[in-house]
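Below: the structure, in structure tokens.
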Amino acid sequence: MIPDMTQTGKPEKEAPSSSNSAPVVMFDRVSKSYGRITALTSVSLGISGGVTGILGMNGAGKSTFFKLMMGKIRPSSGTIRLFGEDPWKNTAPYSRIGFVPEHEKLHDWMTAFDFVTTFARLHGLTRSEAEKEATRVLKFVSLDDVMHKQIGQFSKGMRQRVKIAHALVNDPELIVLDEPLQGCDPLARTTIMNVIKELGAMGRTVLVSSHILGEIERITEQIVILHRGRILALGNSHAIREMLDQHPHKIVLQCQNPREIAKHIIDVGQVTGMAFVDSDKLILETNNLGDVHAKLPKLIVDSGFTVTGIDNPDDDLQSILKYLTGGSI
Amino acid sequence: MDTVWSKLDRKSTAIAEFTMRQYRQRISTWVILASATFTIMLMLLFYVDAMNSEFESIDNDGDSFDDDGDGYPNGQEILEGTNPHSADSFPDWVEPDPPEKWINEDDFDWDSLEIGENSVGFDDDGDCKIKDTPSQRDSNSNNVECDIRINLDPANSTFLVEGDIGVDEDPDEDKYGKEASHRAFILGIGKFGIVYLLGIFLPLFLATGLIRDEITDGTIHYILAKPISRGEVLLYRMIGYIGITWPFIIGLCLFLSIITGIFGPGEDAFRWSDIGIWMSIAFAAMLVSLVYGVIFCGFGILWKNGVILALIFATWELGMAFVSIFSGGESAVRYFSVIGWGLTVVDAGTLIFWPDNFLLIEKGLWGGGHAFEVNSFFDMEVGYEPLPGAEPLQGFSSNPGLGLSNWLSMLTSSMVLIFQGIIAWYIGQTIFKGKEVD
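Okay, here's the thing in structure tokens:
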């Protein structure tokens, strides 16, 4: 798949524009190698506005992509521009960026308020300005009631929110979050997802990485799939999903009378095969997942039998990658 | 109004403040500072003990003895003109002196020395003046009877002492020994204990990991994602480092100056003259710890086991410290080090605040020209035996060796240290800027 250099997201509000018309983030044939190991191979893309999800399995090159973007490491070849500047040579663009690193380690001895205030001052804010901004962002991530407690006492989700708060303190135009949901409990995930969606709604350019498709889909429609250091797919998640829907999928129905239900479903044209596993599972095969899912609820109701669960085992990132790479992941 | 400078100032105070807080909350910082204090205190115990013990008084010229057993000490008989070797000859017109009056009775009278030839000294006990012939009374042949000839040549760092026999030959060992030991202690503990050991020990433990630990922990990402260059980060972290180490050095030296000021010898309740020396020591240690700090921090950035490089460097510096301290300022090799310049600051300070230090050393080394006489083939030479404390004081005292005035020597060596610090920072930030932070 050829990356679309003009690809942009769909901000609900006009994003603050960079000093020129260039994308906020621009990678042009960027490669990065560590000795013989290639972490990123000829990646080209431009991102401006909206929330973009960077999807990839562990080791796909997501963190390398972010580190290159944030000037932490130098590309082996190619050009990177952040607000039109080379991030390896110039730290000026960082005043317009908020970065949430993947690293878990924080300064546990500090309070959340101290932590956010201290790093806010590195943007050139006075102490009182920094304190005011820290209070604002900690409230935004719903940590205002515990902001004077030491970070060491915080749960994983709260620590992630502290990291997000510290990245928002300069009111950035671009927010980069490297695996912000990793290790969080469901409640924390929901909270963080809401924060990210809200940031997107506020017109910020947000880049968020994950290795879980469902998480990214709940946040944004705009995704980039990285695999083995290359961009495998890029664009709207619906388009990718539609494309995926064309390849054989399995649907697993959890029910007490699989054979009876099968009689009702067999007439659906898009179902290409059926299998019975154990005594309570019916597996359907289809080349048009969307169509079958559209018809399935009515058929089940009409059958009069109870279905306790519907699962799509092929609907995860691994299956998508398998499909996109022709089975070699 | 916000300017580039005010923003820079905010960033620098934020990082420096953060660094100091980070140090304060680490137990290791307190352990290091406590260990350093404990070691210095241990050395201080030896000093207090030395100041409270007495140096044995020696009758260098033997005139407290009563050779003829007539009850009058030899010295009294010589002064009164009777024969100390005849029991029938004694000064019956005066009461016999107690023997101890003739111990340490001819102390140094060496004031107002000038560059070039000097004639000083006074024959307090009259055992020179009473000699029979002018040549006996002028054994140093400078045409002045019963004096000490001193040739002072600072250009060549030479100090020649030739005394007529019987002049200033019985100095006060305890008075001299305490003064010399006091000064030797201050210079010894100051130069080796504080400028070298503390100067290298503190940065080894406190500066090597200043950036390295942040990289290892991954917390460096929070700083590096801000609009601040890596060179600035290094600089401001160093400010935080000196915010902890410098007050400690100043505090320790101030404490030591109070202790030595109280326990040191002298008629006054407090030796104010030592404050200047201690401040020179503190100043040198501050500069040295800064330069070492920047170098070691750079080693930490270069390699995660940078402490190994720091230890190799510290070994070189130890060698240079020995060369500096024990060459008496003669060896120029010491200028290829940090410690060499640091100790030059102290050497210059010593000459500024104790201008009589070299005179005191020479006095002690000359020791009164007592004890024994060596008969050479052609004439008689006087063998010298140093007074207690003279040799240690000589060991720890050096000439700045720059051929400049004392203040200029101090200024020059301080500037060199600052320059070394700037060069080390430049190299360190270049390494840091080129380092990929994973």
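Heads up: the protein sequence lines correspond to chains D and Z, in order. Per the working numbering, the first sequence starts with residue 265, numbered consecutively. Per the working numbering, the second sequence starts with residue 108, numbered consecutively. All C-beta atoms in this analysis are idealised placements derived from N, C-alpha and C, irrespective of residue type, glycine included.
Remark: C-beta atoms of SER246(Z) and GLY306(Z) do not approach each other more closely than 7 angstroms.
Note that the C-beta distance between GLN518(D) and GLY568(D) is not below 7 angstroms. Only buried fits ILE165(Z), as 16 or more other CB atoms lie within 10 angstroms of its CB. Rounded to the nearest angstrom, the gap between the Cα atoms of SER387(Z) and GLY358(Z) is 14 angstroms.
When Cβ-Cβ separations below 7 angstroms define contact, GLY325(Z) makes contact with chain D. By the rule that beta-carbons nearer than 7 angstroms mark a contact, LEU386(D) touches chain Z.
CA-to-CA, the gap between GLY533(D) and ARG453(D) works out to about 39 angstroms.
Restricted to the stretch 473-530 of chain D, the beta strand (DSSP E) segments that are unbroken, complete and at least 3 residues in length are 486-491, 494-500 and 513-519, listed in chain order. Scanning its chain for C-beta atoms nearer than 6 angstroms, with the 5 sequence neighbours on each side dropped, one finds around THR343(D) the residues ASP292, in chain order. Contact check for GLY320(D) against LEU490(D) passes: the beta carbons are separated by less than 7 angstroms. By the Cβ rule, the stretch 387-401 of chain D does not count as touching the stretch 368-385 of chain Z, because fewer than three pairs are nearer than 8 angstroms. Looking from the CA of LEU389(D), the closest CA among SER501(D), ARG400(D), VAL433(D) and ALA429(D) belongs to VAL433(D). In this structure, DSSP gives GLY447(D) a state outside helix and strand, which the three-state scheme calls coil. Taken atom to atom, the span from the alpha-carbon of PHE162(Z) to that of LYS285(Z) is near 8 angstroms. When Cβ-Cβ separations below 7 angstroms define contact, HIS367(D) makes contact with chain Z. Beta-bridge analysis with DSSP links ARG345(D) to MET290(D). Not a single CB atom of chain Z sits nearer than 7 angstroms to the CB of TRP352(D). In this structure, the alpha-carbon of ILE495(D) lies about 44 angstroms from that of GLY347(Z). Judged by DSSP in its simplified three-state form, GLN501(Z) adopts helix. Boundaries of the alpha helix (DSSP H) around SER135(Z): 134-159. In the structure shown, TYR298(D) adopts extended strand secondary structure according to DSSP, grouped into three states.
Of the residues assessed, HIS475(D) falls on the buried side of the cut-off, its CB having 16 or more other CB atoms within 10 angstroms. Take GLN414(D), set aside five residues on each side of it, and the residues of its chain with a beta-carbon closer than 6 angstroms to its own are THR375, in chain order. Between GLY413(Z) and LYS540(Z) a beta carbon distance of about 17 angstroms is seen, past the 8 angstroms cut, so the two are scored as non-contacting.
With respect to chain Z, the C-beta atom of LYS296(D) has no partner C-beta closer than 7 angstroms. Look at SER340(D) here: in three-state DSSP terms it is coil, with no helix or strand label. For SER226(Z), the uninterrupted beta strand (DSSP E) run begins and ends at 223-227, by DSSP.
For LYS542(Z), the nearest beta carbon of chain D is not closer than 7 angstroms to its own beta carbon. Cβ contact annotation for GLN501(Z) (same chain, cutoff 6 angstroms, sequence separation greater than five): ILE468, in chain order. Rounded to the nearest angstrom, the Cβ distance from PHE292(Z) to TYR154(Z) is 5 angstroms, consistent with a contact under 8 angstroms. Under the Cβ criterion of 7 angstroms, ARG117(Z) is counted among the residues facing chain D.
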